[in-house]
Every structure is written in structure tokens, then in C-alpha cells.
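S.K.: Right, I'll just put the structure down here and ask away after.
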Ligand SMILES: [Cu+]
């Protein structure tokens, strides 16, 4: 009877646990990468940090060395579905994300199945827009002219965090916490986002919605 | 003549380059750790991430794996002077910092030579106050009653970042950026802190000073 109850509990837990994949490359912005992982884990998500490089260990944009959980080319990822896929910014990190065939395949597959895609800083312009994935999507990115020029819609470009359907985009290190909490809100609801924000001593900012 | 100019330049650069040591342990808060390193590097500091564990690779409080530059027990650190020593929070990370004899020796040596000591979240209470290093110092920490009780001075406890002489203390992940920029301001001046904040899309917050 206890065994049955435990089995049931494990099933329910597996059904309700939210999962996220955060991609990382050499030159990814470390504040954006780590803030996303940390905040999602605090909310209760199971987070996989996946390296698009040939090795698990990457050197982020300001020299912080991060060790990923697995390589984006890992066979186990070919059929796995996450509730959210998150692309941090930083240069040349966002270019490495853009140039990773397995990552872009995974992003497109998750778009088709209605999952959440998060991108911040250089990533919306460099990784997503370069693959024409932000056409007609209201989005923002780091406010550099060469990044902004790649976004087709400029309506919400000045907001720190923008949600439009499956996409949550944001601007840079200073908005990484708001971005991460917007991901938490989308996956777990407003109450959980408030709870996580409070424990982190963050005042939950408004997210512009289409 | 060029050689002479280059030698001179190298000397001036070595004289003016600011250095910081950021300590890290298993269970350190990864946002606090990485935000300090990233922001100081952006400002132009040479930052050494030093592990108080037996290995360079540590697992931070929410599972992010970070690789330090060297071990705190490294012989090269015994005589080295940094312009700032930074202790991130996170539990049990702050306890591991507290229990590291080489780290606490280094902190005490830097206090005696007038250097800057930064501590955030659990670290002011758990790592510094436990060694009686915050007696009569205005400081703040994560607003948990058991941490607050360890601080002797409660005057500035509600401010996100507090500077008092050699000490800069702060409260948690949500104040990590303000804390890191206060370190930048103390080392490089207000103008450089404004410049770094602007590039990171952060509005520079006020730091309460004694
Ligand atoms: Cu960036």
C-alpha cells in the first residue's frame, strides 16, 4: 500500500515537474546564464545546462568557467521535450548558439510543440532572428543598433522583458533577474514567481505582454 | 625606445590594475558569485576565483558547477595582496568559507593592510561575524533572524548595500548587482561604476554610507 502510494506520488511528480534547458557556449554572458538556471531551480524546475561546444566546460564572456550537465549533441536530447528552452546572450556566445545545428533543431522542435522559448541580450537578434524565428514576434534585445536592426517588430523594443506567445525576450545582465522571473511566472504562475522573487529579495517587475 | 615605452606602460598598468579575490565553495550562491566576478571584470579588475574546497570545481547552491582559478590553499596566495576580497553568500557555502583557515587568514591579513572586504547574503553573518570581524561595523546581511542576530550593529541593516570603511555588505541575490557595482565604485570611482552599470542596463542604486 505504501509502495503503491509512493509510485503514484512519483508519477504525479514527474507529470508536474517543469523542465528547462539552458544553452551555454564559450562567450555566453555568465550573469544571464546563471541567473536563469538559479531562478528556475528555486522555482522547482529541473534545469539542464547544455553546452553547444565540444566540451562540457565553457568559458563565459567575462572568464567564469561553467561546467554543463551535457552536450547539446547528446543523443538523449534528440527526443526529449522541455517546458522551456533558454538562450543567454553574450558575444561571441550568442553566435555559437546560432551556429549550433543541434540547438537550433531543438529550438525549432520546441516551437512546433508550443513550448516556451526564452532569449536575452544578444540571443534574440543573433541566435533567433538570424534563423527567422522572430518574424512577426514582438521582442526585445540588447539595445545595440546592429542587434535591434535584426528584429522585425520594434513595437516593444524598449521594455526590459517582453512576452509574446511562446517567446519571452529580454535586454541584458541588468534585466536577467526580471527575465528569469518572467520564465518562472510563465511556467509556474504568478504566485510562485512572487514567492521566488521575495526569497531572492527582488521586487517583481512588470512584464510587457502583447 | 619602443621597448622602454612598453616596459613603462607595463609598469604603470601593473600599478593601476585593480585585483580582486572572490572566494567560492560548494553551496555558494551562484548569482552572487558570478555577478561579482563578471561586474568586476567589466570594470577592468583582474579577478581570481578561489575555491576553499579540495578541488577547483565546486557545485553552487542551485547546482551550477563553477571551476575556480586556484585553490585558496595555493602557496602563491600566502603573500599576495588583492585590492578587494569578496565573500558570496549561499548555504552551506558561507559555512565552508567560515571554516576555511587559509581564507580567513587571508581576510584578516587584508583587513590589517586596509583592503576592501565585500560580503553578501549569509556571508557577513556566517563567515565574518562568526570570526568577530564585524564588531562595531555597520553592516547588513540576508534578512533572516538567525543571520541578523549575529550582527552587532543594527543601524543600517535594512539597506540593500552598506559601506562602512573597509567593508561593503549586502543582502542577497536581488542585491548582488548593486553590491558588485558598489565594489566597482570603491575600487574604480563613481564614473567607472556608472559606465559599467549603463553597459549592463542597470540603474546605479544608492549605497548607504556611514
Ligand atoms: Cu550581451
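Protein chains in written order, with the numbering used here: chain A, 1 to 210; chain B, 1 to 210.
C-beta: ideal position from N, C-alpha, C; glycine also.
Quantities reported herein were computed from a predicted structural model and do not represent experimental measurements.
Taking its Cβ as the centre, do 16 or more other Cβ atoms sit within 10 Å of residue 3 (chain B), making it buried, or is it exposed?
M.R.: With fewer than 16 Cβ atoms within 10 Å of its Cβ, residue 3 (chain B) is classed as exposed.
S.K.: Among the residues of its own chain, which have a CB less than 6 angstroms from the CB of residue 210 (chain B), if the five just before and after it don't count?
M.R.: Reliability fails at residue 210 (chain B), whose pLDDT of 44 lies under 50, so the model's placement of it is uncertain and no value is given.
S.K.: Going by C-alpha distance, which of A:67, A:106 and A:117 is nearest residue 75 (chain A)?
M.R.: Checking every option, the nearest Cα to that of residue 75 (chain A) belongs to A:106.
S.K.: Counting only C-beta atoms, is residue 145 (chain A) closer than 7 angstroms to chain B at any point?
M.R.: By this cut-off, residue 145 (chain A) is not an interface position.
S.K.: Would the beta-carbon of residue 38 (chain A) be found less than 6 angstroms away from any heavy atom of ligand 3?
M.R.: For the structure depicted, ligand 3 is absent and the ligand set comprises only ligand 1.
S.K.: Examine the Cβ distances between the stretch 84 to 104 of chain A and the stretch 47 to 62 of chain A and report whether three or more of them are shorter than 8 angstroms.
M.R.: The stretch 84 to 104 of chain A is in contact with the stretch 47 to 62 of chain A.
S.K.: Enumerate, from N- to C-terminal direction, the unbroken beta strand (DSSP E) stretches of 3 or more residues contained entirely within the stretch 97 to 140 of chain B.
M.R.: Within the stretch 97 to 140 of chain B, the complete beta strand (DSSP E) runs of at least 3 residues are 116 to 120.
S.K.: Please determine, among A:30, A:35, A:25 and A:16, the residue with the shortest C-alpha to C-alpha distance to residue 200 (chain A).
M.R.: When only C-alpha atoms are compared, the closest one is A:35.
S.K.: Let's test the definition: count the other Cβ atoms within 10 Å of the Cβ of residue 27 (chain A) and tell me whether it reaches 16, buried, or not, exposed.
M.R.: Buried, because 16 or more other Cβ atoms sit within 10 Å of the Cβ of residue 27 (chain A).
S.K.: Please report the residue range of the beta strand (DSSP E) in which residue 50 (chain B) lies.
M.R.: That run of the beta strand (DSSP E) goes 46 to 51.
S.K.: I'd like the list of long-range same chain contacts for residue 193 (chain A), defined as Cβ closer than 7 angstroms, with 5 residues on each side in sequence excluded.
M.R.: 181, 184, 185 and 204.
S.K.: Can you check whether the C-beta of residue 210 (chain B) is within less than 7 angstroms of a C-beta belonging to chain A?
M.R.: With a pLDDT of 44 at residue 210 (chain B), under the threshold of 50, the predicted position of this residue should be treated as unreliable, and no value is reported.
S.K.: Tell me which same chain residues have a C-beta within less than 8 angstroms of the C-beta of residue 130 (chain A), skipping the five on either side of it?
M.R.: If we look at residue 130 (chain A) and ignore the five residues flanking it on each side, its Cβ neighbours are 98 and 150.
S.K.: So residue 45 (chain B) and residue 56 (chain B) are in contact, right, with Cβ under 8 angstroms, and what is the actual spacing, rounded?
M.R.: Contact flag wrong, Cβ pair sits at about 20 angstroms.
S.K.: Decide if residue 133 (chain B) is buried, meaning its Cβ has at least 16 other Cβ atoms within 10 Å, or exposed.
M.R.: Buried, because 16 or more other Cβ atoms sit within 10 Å of the Cβ of residue 133 (chain B).
S.K.: Which ranges would you report for the alpha helix (DSSP H) in the stretch 174 to 200 of chain B if only whole runs of at least 4 residues count?
M.R.: Within the stretch 174 to 200 of chain B, the complete alpha helix (DSSP H) runs of at least 4 residues are 176 to 188 and 190 to 199.
S.K.: Please report the straight-line C-alpha distance between residue 136 (chain A) and residue 119 (chain A), rounded to a whole angstrom.
M.R.: Cα to Cα, residue 136 (chain A) sits roughly 16 angstroms from residue 119 (chain A).
S.K.: If you run the structure through DSSP and keep just helix, strand and coil, what is residue 17 (chain A)?
M.R.: If DSSP states are grouped into helix, strand and coil, residue 17 (chain A) belongs with coil.
S.K.: Which residues of chain B have a Cβ atom closer than 7 angstroms to the Cβ of residue 200 (chain A), listed in chain order?
M.R.: Correct list: 172, 173 and 174.
S.K.: Could you check the C-alpha separation between residue 112 (chain B) and residue 114 (chain A) for me, to the nearest Å?
M.R.: Going by the C-alpha atoms only, they are around 59 angstroms apart.
S.K.: Name, in chain order, the residues that DSSP records as bridge partners for residue 65 (chain A).
M.R.: BP columns for residue 65 (chain A) point to A:59 and B:67.
S.K.: Verify whether the separation of the beta carbon atoms of residue 24 (chain A) and residue 49 (chain A) is less than 7 angstroms.
M.R.: Cβ atoms of residue 24 (chain A) and residue 49 (chain A): closer than 7 angstroms.
S.K.: Comparing the C-beta of residue 63 (chain B) with each C-beta of chain A, is any distance below 7 angstroms?
M.R.: It does; some Cβ of chain A falls within 7 angstroms.
S.K.: Please state the DSSP three-state secondary structure of residue 164 (chain B).
M.R.: If DSSP states are grouped into helix, strand and coil, residue 164 (chain B) belongs with the strands.
S.K.: Given this structure, state the Cα-to-Cα distance separating residue 96 (chain B) from residue 66 (chain B), to the nearest angstrom.
M.R.: Using only the alpha carbons, I get a separation of about 16 angstroms.
S.K.: So, is residue 103 (chain A) buried or exposed, given that buried needs 16 or more other C-beta atoms within 10 angstroms?
M.R.: Buried: at least 16 other Cβ atoms inside 10 Å.
S.K.: Which residues does DSSP pair with residue 33 (chain B) in a beta bridge?
M.R.: Per DSSP, none; premise fails for residue 33 (chain B).
S.K.: How would you write the range of the alpha helix (DSSP H) that residue 148 (chain B) sits in, first residue to last?
M.R.: 145 to 148 is the extent of the alpha helix (DSSP H) around residue 148 (chain B).
S.K.: So, for residue 140 (chain B): in the same chain, excluding its five sequence neighbours on each side, which residues have a beta-carbon less than 8 angstroms away from its beta-carbon?
M.R.: Contacts found: 124, 151, 156, 157, 158, 159, 160, 161, 162, 169, 170 and 171.
S.K.: Any C-beta of chain D within less than 9 angstroms: which residues of the stretch 65 to 92 of chain A qualify?
M.R.: In the structure shown, chain D cannot be found, because the protein chains are A and B.
S.K.: Buried or exposed, going by whether 16 or more other CB atoms sit within 10 Å of the CB of residue 173 (chain B)?
M.R.: When all chains shown are included, residue 173 (chain B) counts as buried.
S.K.: Residue 128 (chain A): buried (16+ other C-beta within 10 angstroms of its C-beta) or exposed?
M.R.: With 16 or more Cβ atoms within 10 Å of its Cβ, residue 128 (chain A) is classed as buried.
S.K.: Could you tell me whether the Cβ atoms of residue 32 (chain B) and residue 178 (chain B) are closer together than 7 angstroms?
M.R.: Not in contact: residue 32 (chain B) and residue 178 (chain B) (Cβ atoms no closer than 7 angstroms).
S.K.: Would you call residue 78 (chain A) buried or exposed, if buried means 16 or more other Cβ atoms sit within 10 Å of its Cβ?
M.R.: When all chains shown are included, residue 78 (chain A) counts as exposed.
S.K.: Give a yes or no on whether the C-beta atoms belonging to residue 52 (chain A) and residue 100 (chain A) are separated by under 7 angstroms.
M.R.: It is a contact, given that the beta carbons lie within the stated cut-off.
S.K.: Among A:70, A:202 and A:122, which has the Cα closest to the Cα of residue 93 (chain A)?
M.R.: Nearest option by C-alpha distance: A:122.
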